[in-house]
Amino acid sequence: MTAVDYLVVVVFGWPAALLGVFLVAVGLGTRRAGLVLAGGISALGFCAYIAMNPTPARWLGLAAIAGNLLSALALRRRRPAIAAIAALPYLVLIVHMARIVILVDGT
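Take the sequence shown: its letter number 87 is residue 92 in this note's numbering, and every next letter is one higher.
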């Protein structure tokens with residue numbers, strides 16, 4: 006693999022998705038909108054990749070992008086409960102995609 010291949014994996018793959026989950030969770034826990042926004046930006050590539058698929062997960066990808074941005078906005082306006090609810094589509098997307106990856110038979 007070349008350096009570009011590794012960059013694509015990091016930007017669009019599971020590392021970006023898991024970094025996004027970590028930053029969003031820490032941001033919600035500490036009530037720092039900047040961390041939630043950083044998590045949303047980190048996860049943008051993964052969510053955009055999922056949103057380009059012709060499966061029903063497309064809508065989860067779009068909802069996750071919007072939810073992450075709305076979560077940062079709600080946290081900035083001091084609405085932590087709304088911010089947590091807005092971040093749920095991203096968590097559902099990650100769990101859904103991880104379930105698919107784990108359950109797919111590799112043969």
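Note that beta-carbon positions come from the ideal geometry of N, C-alpha and C, so glycine has one too.
For ARG83, the secondary structure class from DSSP, reduced to helix, strand or coil, is coil. Using a Cβ distance threshold of 8 Å, LEU65 and PRO20 do not count as a contacting pair. Within the same chain, Cβ atoms closer than 6 Å to the Cβ of VAL29 are found at VAL41, GLY44 and ALA92, the five residues on either side in sequence being excluded. Around the CB of ILE105, fewer than 16 other CB atoms lie within 10 Å, so the residue is classed as exposed. Shown here for ILE87: same chain residues with a beta carbon closer than 7 Å to its own, the five before and five after excluded, namely ALA79 in chain order.
Our two residues, GLY34 and ARG81, have alpha carbons roughly 13 Å apart in a direct line.
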